[in-house]
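Take our numbering: the last position of the sequence shown gets the number 81, and nothing is skipped along the way. A short write-up of the structure that comes next.
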Amino acid sequence: GQLDERIVYLSSKNSIETHDVNPAYTSQYCPICGQHFEERYGNHHELTKCKKCS
Ligand SMILES: [Zn+2]
Numbered sequence: 028g029q030l031d032e033r034i035v036y037l038s039s040k041n042s043i044e045t046h047d048v049n050p051a052y053t054s055q056y057c058p059i060c061g062q063h064f065e066e067r068y069g070n071h072h073e074l075t076k077c078k079k080c081s
């Protein structure tokens, strides 16, 4: 029925949003020097601080 289709639509939409994240913001490593990030901050932990570069 219509309700089931809506649930499938919403869950697939959520899964797309969950996986549609810029790799640059989720990487554990500095894209400049390759240093492993030890600190993450920001509302979604999307920001990183590199000890070598900062
Ligand atoms: Zn770095």
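Glycine included, C-beta positions come from ideal geometry on N, C-alpha and C.
Secondary structure of residue i, DSSP reduced to three states
{"i": "GLU73", "result": "coil"}
{"i": "GLU66", "result": "strand"}
8 angstroms contact criterion, which residue i and residue j should meet: CB distance rounded
{"i": "GLN62", "j": "LYS76", "result": "Their Cβ separation, rounded to whole angstroms, is 10 angstroms, which puts GLN62 and LYS76 out of contact at 8 angstroms."}
query: Taking any heavy atom of ligand 1 as the mark, which residues have a C-beta closer than 5 angstroms to it, listed down the chain?
result: That gives CYS57, ILE59, CYS60, GLN62, CYS77, LYS79, CYS80.
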